[in-house]
Amino acid sequence: MAEALLLKTLAVTSLAGALCGLTGGFIFLLNIPFIGVLISHAAMAGGIWGIIAGVPPKAAAFAASLIAVFAAGPVSDRAKLNANISMSIIFSAFMGIAFLGVGITGGMNQQIMGFLWGNVLFAGIGDIVLITALIILTLILLAAKGRQYEALLFNREIAASLGYNTKALYYGLLLIIGAVITVTLDVIGGLMLFSLIITPPAIAYQLTYDMKRFFGLSLLAGFTAGLGGAFISYLLNLPVSATTVLFVSLLFSISFVFSPKRRRDGR
Amino acid sequence: MERNKPEAAAKAERLSFFAGKKQVLKNISFEVNKGEFMAVLGPNGAGKTSLIKAFLGFNRPASGRVFVEGTEVSPKTAGEIRRRTAYLPQSFDVDRNFPILVKDVVSMGCGYVNDAVVKELNIRALLERPFGLISGGERQKAMLAMVLSRNPSVLFFDEPNLNLDPFSYRNFLKVVSSVYAKHGLTVIFVTHLVTNMPEACKRVLVLKEGEVIRDGEKEKVMSGKNFMEAVYG
Numbered sequence: 004m005a006e007a008l009l010l011k012t013l014a015v016t017s018l019a020g021a022l023c024g025l026t027g028g029f030i031f032l033l034n035i036p037f038i039g040v041l042i043s044h045a046a047m048a049g050g051i052w053g054i055i056a057g058v059p060p061k062a063a064a065f066a067a068s069l070i071a072v073f074a075a076g077p078v079s080d081r082a083k084l085n086a087n088i089s090m091s092i093i094f095s096a097f098m099g100i101a102f103l104g105v106g107i108t109g110g111m112n113q114q115i116m117g118f119l120w121g122n123v124l125f126a127g128i129g130d131i132v133l134i135t136a137l138i139i140l141t142l143i144l145l146a147a148k149g150r151q152y153e154a155l156l157f158n159r160e161i162a163a164s165l166g167y168n169t170k171a172l173y174y175g176l177l178l179i180i181g182a183v184i185t186v187t188l189d190v191i192g193g194l195m196l197f198s199l200i201i202t203p204p205a206i207a208y209q210l211t212y213d214m215k216r217f218f219g220l221s222l223l224a225g226f227t228a229g230l231g232g233a234f235i236s237y238l239l240n241l242p243v244s245a246t247t248v249l250f251v252s253l254l255f256s257i258s259f260v261f262s263p264k265r266r267r268d269g270r
Numbered sequence: 249m250e251r252n253k254p255e256a257a258a259k260a261e262r263l264s265f266f267a268g269k270k271q272v273l274k275n276i277s278f279e280v281n282k283g284e285f286m287a288v289l290g291p292n293g294a295g296k297t298s299l300i301k302a303f304l305g306f307n308r309p310a311s312g313r314v315f316v317e318g319t320e321v322s323p324k325t326a327g328e329i330r331r332r333t334a335y336l337p338q339s340f341d342v343d344r345n346f347p348i349l350v351k352d353v354v355s356m357g358c359g360y361v362n363d364a365v366v367k368e369l370n371i372r373a374l375l376e377r378p379f380g381l382i383s384g385g386e387r388q389k390a391m392l393a394m395v396l397s398r399n400p401s402v403l404f405f406d407e408p409n410l411n412l413d414p415f416s417y418r419n420f421l422k423v424v425s426s427v428y429a430k431h432g433l434t435v436i437f438v439t440h441l442v443t444n445m446p447e448a449c450k451r452v453l454v455l456k457e458g459e460v461i462r463d464g465e466k467e468k469v470m471s472g473k474n475f476m477e478a479v480y481g
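This is how it looks when you write it as structure tokens:
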């Protein structure tokens, strides 16, 4: 029984890590790290109001995260603001909505806390299937539109001048990021999620100049972080979020030490 | 989609454009014939980049119309026009550690590394190198390879000198002239440098404060009385 639980936990955290590493690669290269914070808190607000309204919290969380990302893009474009600033503004609004909901429900209950800290032990086969499906979907997208996404990440104006529909590519990406964060949020929680979205691509960035390898390494680093963090948690009987975040930070330190880019720049 | 007369590769018809409240282009009209190499010359803020961006559909005219090879530029046609033309922007920031190789930049537009173009621009040795680590001149060549690989009919350059030292820029101009001669493209070349004009350029259109103040053969326009004062004064 304990072994089955361990195996399931390892599967969930490693797959979630791989998925976060893969989609985190886009977030990292687009330089929009705040999107992780925005979507996770928007999803929390949606989940809380889903509980209040009696609709499935996960569906409400997904809807709220979509509203958040699709509001952030136009606010950034039209108000000529840096994307991270526009996301911060919308983040604040969703925090207000979330705490309003917390006030109405009479405080933070376990379900609400789950959006913040996750509950990997209660993840089911459905979560594993969803996460795996999202990994496959993202890989298909990369295979089908890889060249266009490469151009978008390289330079948006150049991508547009090549005739690529940068708006559709960008918003398609935001849709996937929204789905990834919503699906993984109540499984692994906001803290681990943010760490697994940002640190694996930062590790990959230290190690390669090749974009395909960058995404491959980012996925691998996320997978390793999820697997290693959960295993250390089991061995030492410590909280899985904490061990995973610390383990991925250790991986980053190692990549930093051995980074060919750092050595080339003489840092 | 309105068709214009077929011989014009690019045409502006009473074009005006505003950036915010400032009128950047003021009711300008001109045509560029197919196969022509035309420089758009003018001081900073003359409206040169805005003009190019109007042809690519990035800037929507406040009034007037623009055409590329007979097709009126509009939000509907912009994508298709961009696919058959090519644009080299004036400069863009790429982190020197950004994970992209030269071969990936070269193949960005068409999906493969075009061997003939790579040979023509002599950049084979660069292909496996990180784009962020090559020199400004090498970057411009890689970008030129990227757009030429798509076999465009009209090529827009926007101040390609900006990140180049004078020596690299002179070399780049030679490459541009040779590419023009070989491919028979229409080239619209924006610059503010009077001293270093591409050899292949035969026509110069001078923009100042959003208006066309001179347009004609390069030698005639540039040797005109008080030319420098008229342009930069």
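Chains W and S, in that order, give the protein sequences. Using the numbering used here, the letters of the first sequence correspond one by one to residues 4 to 270. Using the numbering used here, the letters of the second sequence correspond one by one to residues 249 to 481. Note that the Cβ used here is the ideal one computed from N, Cα and C, for glycine as well.
(1) Evaluate the contact criterion for the stretch 179-192 of chain W versus the stretch 137-146 of chain W: three or more CB pairs, one atom per stretch, below 8 Å.
(2) By the DSSP assignment, the alpha helix (DSSP H) with S:Ala-429 in it spans what residues?
(3) Please return the same chain residues whose Cβ sits closer than 7 Å to the Cβ of S:Met-249, not counting the five positions on each side in sequence.
(4) Confirm, please, whether the CB-CB distance from S:Asp-406 to S:Val-361 is below 8 Å.
(5) Of all Cβ atoms in chain W, is any one closer than 8 Å to the Cβ of S:Leu-304?
(6) Whole angstroms is fine: what's the gap from W:Leu-199's alpha carbon to S:Gly-283's?
(7) Within 10 angstroms of the Cβ of W:Asp-209, are there 16 or more other Cβ atoms? Answer buried if so, exposed if not.
(8) Going by Cα to Cα distance, which pick from W:Ala-5, W:Leu-10, W:Ile-42 is closest to W:Ser-181?
(9) W:Gly-27 versus chain S: which residues are under 9 Å apart at the beta carbon?
(10) Going by CA-CA distance only, name the one from W:Thr-108, W:Leu-13, W:Gly-28, W:Gln-114 that's closest to W:Lys-61.
(11) Beta-carbon of S:Val-353 versus every beta-carbon of chain W: anything under 8 Å?
(12) Identify, in the order they occur along the chain, each residue of the same chain with its Cβ nearer than 6 Å to the Cβ of W:Tyr-237, setting aside the five sequence neighbours on each side.
(13) When DSSP builds the beta bridges, which residues end up paired with S:Lys-259?
(14) Is W:Lys-170 helix, strand or coil by DSSP?
(15) State the DSSP-derived secondary structure class of W:Tyr-237, mapped to helix, strand or coil.
(16) Can you give me the Cβ contacts of W:Met-98 inside the same chain, cut-off strictly under 7 Å, excluding the 5 residues immediately before and after it?
(17) Taking the beta carbon of S:Met-244 as the centre, do at least 16 other beta carbons fall within 10 Å, making it buried, or is it exposed?
(18) Alpha carbon to alpha carbon, how far is W:Ala-163 from S:Lys-430? Give it in angstroms, no decimals.
(19) Determine the DSSP secondary structure at W:Lys-61, reduced to helix, strand or coil.
(20) Within a Cβ cutoff of 8 Å, which residues of the same chain sit near S:Val-395, ignoring the five residues on either side of it in sequence?
(21) Just list the residues that DSSP pairs W:Asp-175 with in beta bridges.
(22) With S:Ala-287 as the anchor, note down where its beta strand (DSSP E) starts and where it stops.
(23) Just the chain W side, please: which residues come within less than 8 Å of S:Gly-268 by C-beta, in chain order?
(24) Going along chain S in order, which residues have a C-beta closer than 8 Å to the C-beta of W:Arg-1?
(25) Would you call the CB atoms of S:Ile-329 and S:Gly-305 closer than 8 Å?
(26) Specify, as a first and last residue, the run of the beta strand (DSSP E) that S:Lys-456 falls within.
(27) Can you have a look at S:Ile-348 and say buried or exposed, based on whether 16 or more other CB atoms are within 10 angstroms of its CB?
(28) Rounded C-beta distance between W:Leu-206 and W:Ser-258? I'm assuming under 8 Å.
(29) For a contact meaning CB atoms closer than 8 Å, what does W:Asn-168 contact in chain S?
(30) Does the Cβ-Cβ distance between S:Glu-261 and S:Arg-313 come in under 8 Å?
(31) Please check if any C-beta of chain S sits within less than 8 Å of the C-beta of W:Phe-261.
(32) Can you look up S:Met-249 in the DSSP assignment and give me helix, strand or coil?
(33) Compare the beta carbon distance of W:Ile-55 and W:Gly-24 with 8 Å and say whether it is the shorter of the two.
(34) Which residues of chain W have a Cβ atom closer than 8 Å to the Cβ of S:Arg-483, listed in chain order?
(35) Please report whether the beta-carbon of S:Phe-437 lies at a distance below 8 Å from any beta-carbon of chain W.
(36) Is W:Gly-157 close to chain S? Criterion is C-beta to C-beta, closer than 8 Å.
Based on what the coordinates show:
(1) Contact holds between the stretch 179-192 of chain W and the stretch 137-146 of chain W, because three or more Cβ pairs, one in each stretch, are under 8 Å apart.
(2) Element bounds for S:Ala-429: 414-431.
(3) Reliability fails at S:Met-249, whose pLDDT of 49 lies under 50, so the model's placement of it is uncertain and no value is given.
(4) For the pair S:Val-361 and S:Asp-406, the CB atoms are not nearer than the 8 Å cut-off.
(5) So yes, S:Leu-304 belongs to the interface.
(6) Between the C-alpha atoms of W:Leu-199 and S:Gly-283 there is a straight-line separation of about 53 Å.
(7) The sequence shown places Gln at residue 209 of chain W, rather than the Asp named in the question. A residue is called buried when at least 16 other Cβ atoms come within 10 angstroms of its Cβ; W:Gln-209 meets this threshold and is buried.
(8) A quick correction: the sequence has Gly, not Ser, at residue 181 of chain W. Nearest of W:Ala-5, W:Leu-10, W:Ile-42 to W:Gly-181, Cα basis: W:Ile-42.
(9) Within 9 Å of the CB of W:Gly-27, no CB atom of chain S is found; the nearest one sits about 14 Å away.
(10) Nearest to W:Lys-61 by C-alpha distance, out of W:Thr-108, W:Leu-13, W:Gly-28, W:Gln-114, is W:Gln-114.
(11) True, the Cβ-Cβ gap to chain W drops below 8 Å.
(12) Answer for W:Tyr-237: Leu-9, listed in chain order.
(13) In DSSP, S:Lys-259 forms a bridge with S:Glu-279, S:Phe-315.
(14) When secondary structure is reduced to three states using DSSP, W:Lys-170 falls in the helix class.
(15) Here W:Tyr-237 sits in helix by DSSP.
(16) His-44, listed in sequence order.
(17) Examination of residue 244 of chain S is not possible in this model, given that chain S is present from 249 through 481 alone.
(18) Looking at the two C-alpha atoms, the distance is approximately 27 Å.
(19) Secondary structure of W:Lys-61 (DSSP, three-state): helix.
(20) Cβ neighbours of S:Val-395 beyond the five flanking positions: Ala-334, Tyr-335, Leu-336, Gly-357, Leu-403.
(21) Checking the sequence shown, residue 175 of chain W turns out to be Gly, not Asp. Answer is none; W:Gly-175 lacks a bridge partner.
(22) Here the beta strand (DSSP E) through S:Ala-287 covers 285-289.
(23) Going along chain W, no residue has its Cβ under 8 Å from S:Gly-268, so there is no contact; the nearest lies around 10 Å.
(24) Residue coverage of chain W in this structure runs from 4 to 270, which leaves residue 1 of chain W outside it and unanswerable.
(25) S:Ile-329 is a Cβ neighbour of S:Gly-305, given a cutoff of 8 Å.
(26) Here the beta strand (DSSP E) through S:Lys-456 covers 451-456.
(27) Classification of S:Ile-348: buried, given that the 10 Å Cβ count is 16 or more.
(28) The amino acid at residue 206 of chain W is misidentified as Leu; the sequence shows Ile. About 4 Å separates the two Cβ atoms, so the contact holds.
(29) Correct list: Gly-327.
(30) Judged by beta-carbon spacing, S:Arg-313 lies within the 8 Å limit of S:Glu-261, meaning their Cβ atoms are closer than that value.
(31) Taking Cβ atoms only, chain S never reaches closer than 8 Å to W:Phe-261, which makes this a no.
(32) Per-residue confidence for S:Met-249 stands at a pLDDT of 49, beneath the threshold of 50, marking its modelled position as unreliable; the derived number appears in the next sentence. S:Met-249 falls in the coil class under three-state DSSP.
(33) No Cβ-Cβ contact shorter than 8 Å links W:Ile-55 with W:Gly-24.
(34) The requested residue 483 of chain S is not part of the displayed model; chain S covers only 249 to 481.
(35) No - not a single Cβ of chain W is within 8 Å of the one on S:Phe-437.
(36) The residue asked about is misnamed: residue 157 of chain W is Phe in this sequence, not Gly. Yes, W:Phe-157 lies at the interface with chain S (some Cβ there is under 8 Å from its Cβ).
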